[in-house]
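When we follow my numbering, the leftmost residue of the sequence shown carries the number 10, and every step to the right adds one.
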Amino acid sequence: MKAGYHFLTRRSLAFKINTVLFVLILLIVAGQWVVQSTYISRILTRQALAKGSEIAELFAMLSIAPLRRLDYSTLRGNAEGLLKTEDIISVSLLDSSGFDILPFASKPIPDKAVTTILEKEIYDEIGTKLGTLRIKLSLNQVQIGVAQTRSLLQISFAVILTLSWTAITIMLRLMLLIPIKRLAASMDGVAHGRIIDPVEISSRDEIGVLASSFNTMTMKLKQSLDTQLRSEKLAALGGLVAGVAHEINTPLGVAITAITMMAEDVGTLKTSLADNNLSYQQLVDYTDETNKACDIIQKNLMQAAKLVRSFKQVSADQSSEAKRKINVGTYMEEIIASLKPEFKRTNLTIKLNCPERLNVEMAPGTLSQLITILVLNAKVHAFESDQIGQIHISISNDRSNLTITVSDDGRGMDAETQRRVFDPFFTTKRSSGGTGLGLYILHTIINEQLRGQVEVISHPGAGCLFTLSLPFHPDTIHLVD
């Protein structure tokens, strides 16, 4: 019993419904077959008995006169004529004393024949009993008729069973199973982070109401995700602004210090000049110090300008989807430079391996977003705060794909984390403010915008390797000279 239950629980809903329907229709058809067979058997038996009763009534009337005259030869002749009837097996005629006048009026009984005895008492006109007629009647023809009827019923009910089961199966498939499969596919897509188009089910039954509720839920979920994505982008851009501002503060501070020292030297020079105490050596020293200060100011201001340019380009690209020609290696260096403030208080280093002459036309903000997500994900999840580690970025290309790999030598992931790593809102750092949207955004951009693929290979204690395969296409990325 338990084995049968477990067998059913492992089967699909379609199999269960079809099995229940088949058994139910089979029971109904079998019940109808039994009822119809019994009814036909009773009708044929009743007809055979009625016919036998008519024959017995006629024979009894014909036997009144011969019984009065004791004309046994006439009675035997009548009996022999009666025995020629197919269904009559024997005829017995007892006189008033119980003596059988027709002891040999019979014929062989067929094998397995069902028989019945009809008895008719014979009276004359004044009511005197002359004898008793007994006719043994065969119901073999009734059996044959019932068997033929059952065969026809079996064929008819088999056709009815097949047509009914097929029709109901098709109706259930159209009205129940197909809509449920659509809903299940959509729910599975939502569970794996794919917010697809609404489920189109036009019926107004319970399935239609469920589909409408599901569509409303997915619409609200999509709106919520869009809001979260915008917030995530703004937060990333805000972090970039804060980091670059902090990074720019250092060269600007050095430049300001050098300018302050120059101002002090100018004040000293003016005082000496006013007192007519300015010597040649003082002028030479002032000139040397001024040159050194100018060099310091120039170098630090150029460094600040470079940071500003990198920040301006990366931030503009992140807020725009416009395509332009970029040198991948140079642009990757700009991205890494914009991320350096995030790694200032860590023991992590970023290494880049990229061909020098790899030029593509694409929306660079997309590339910046992908690299930023993977690098910051490694920083947050792969390493402890004071751990020494490396993040490697490698870029290559062939005729059909741009391949980007980002790997680290951090703690790695177990199988369950690796299975769910691209699911929306899945994070192992929720207590630290993680939203679980970073890698989901990456997966969405690669699959839906760039028509590519992303794979992750990881083992506990062995780091992670993310591989991004971005196909060249005129609408997304293509090589340029």
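Built from N, CA and C at the ideal position, the CB exists for glycine as well.
query, result
"Compute the Euclidean distance between the alpha carbons of K60 and D96, then round it to the nearest angstrom.", "10 Å"
"Is the Cβ-Cβ distance between I380 and M341 less than 8 Å?", "yes"
"If we require 3 or more residues per run, which beta strand (DSSP E) segments fall completely within the stretch 303-389?", "333-336, 356-362 and 368-371"
"Would you grab the beta carbon distance between G447 and I382 for me? Rounded to a whole angstrom, and I think it's under 8 Å.", "5 Å"
"Taking Cβ to Cβ, would you say D109 is nearer than 8 Å to S101?", "yes"
"Less than 7 Å between C-beta atoms, sequence neighbours within five positions excluded: which residues of the same chain meet that for G470?", "R420 and G421"
"Taking buried to mean at least 16 other C-beta atoms within 10 Å of its own C-beta, is L79 buried or exposed?", "exposed"
"Under 8 Å by Cβ, that's how I've got I126 and L142 pegged, so tell me the actual separation to the nearest angstrom.", "Not confirmed; about 11 Å, so no contact."
"Shortest alpha-carbon distance to N362 belongs to which of S405, F392 and F166?", "S405"
"Just reading off the beta strand (DSSP E) that H452 is part of, what are its end residues?", "No beta strand (DSSP E) holds H452; the alpha helix (DSSP H) holding it covers G447 to T453."
"Which residue marks the beginning of the alpha helix (DSSP H) containing Q150, and which one marks its end?", "N149 to L181"
"Out of A264, N456, T124 and F223, which has the shortest C-alpha to C-alpha gap to T375?", "N456"
"Can you give me the start and stop residues for the alpha helix (DSSP H) that S82 sits inside?", "Y81 to L92"
"Indicate whether W174 and F24 have their beta-carbon atoms separated by less than 8 Å.", "no"
"Comparing alpha-carbon positions, which option in G90, D304 and R460 lies nearest L260?", "One point to set straight first is that residue 260 is Pro, not Leu, in the sequence displayed. Comparing Cα positions, the closest option is D304."
"Would DSSP call S62 helix, strand or coil?", "helix"
"For R429, which of helix, strand or coil comes out of DSSP?", "helix"
"Give every residue of the same chain whose Cβ lies closer than 6 Å to the Cβ of T476, excluding the five residues on either side of it in the sequence, and list them in chain order.", "T414 and E464"
"With the cut-off set at 8 Å, would you say S403 and F481 are in Cβ contact?", "no"
"Is the number of C-beta pairs between the stretch 31-50 and the stretch 152-167 that are closer than 8 Å three or more?", "yes"
"Cβ of D432 within 8 Å of Cβ of Y449?", "yes"
"Less than 7 Å between C-beta atoms, sequence neighbours within five positions excluded: which residues of the same chain meet that for A302?", "A267, M270 and M271"
"Suppose you measure from the CA of L84 to the CA of A65; what does that come to, to the nearest Å?", "13 Å"
"CA-CA distance, P350 and I265?", "21 Å"
"CA-CA distance, Q396 and S416?", "16 Å"
"Please list, in chain order, all residues of the same chain as L459 whose beta carbon is under 6 Å from its beta carbon, the five residues on each side excluded.", "L479 and T485"
"Buried or exposed: S347, going by 16 or more other Cβ atoms within 10 Å of its Cβ?", "buried"
"Look up R460 in the DSSP assignment and say whether it is helix, strand or coil.", "coil"
"Using 10 angstroms around the beta-carbon of E425, count the other beta-carbons present and answer buried if the total reaches 16, otherwise exposed.", "exposed"
"Would you kindly report the start and end of the unbroken beta strand (DSSP E) that includes T412?", "N410 to D417"
"What are the boundary residues of the beta strand (DSSP E) that D104 is part of?", "I97 to D104"
"Per DSSP, what kind of secondary structure is V123 in: helix, strand or coil?", "coil"
"For S106 and L139, which I take to be in contact (beta-carbon distance under 8 Å), what is that distance rounded to the nearest angstrom?", "Not quite, the Cβ-Cβ distance comes to about 11 Å (not below 8 Å), so this is no contact."
"Quick check: what's the CA-CA separation for A193 versus L170?", "31 Å"
"Please say whether Y289 and L278 have beta carbons closer to each other than 8 Å?", "no"
"Enumerate in chain order the residues of its own chain whose CB-to-CB distance from D418 is below 7 Å, with the five nearest sequence positions on each side excluded.", "G398, Q399 and G472"
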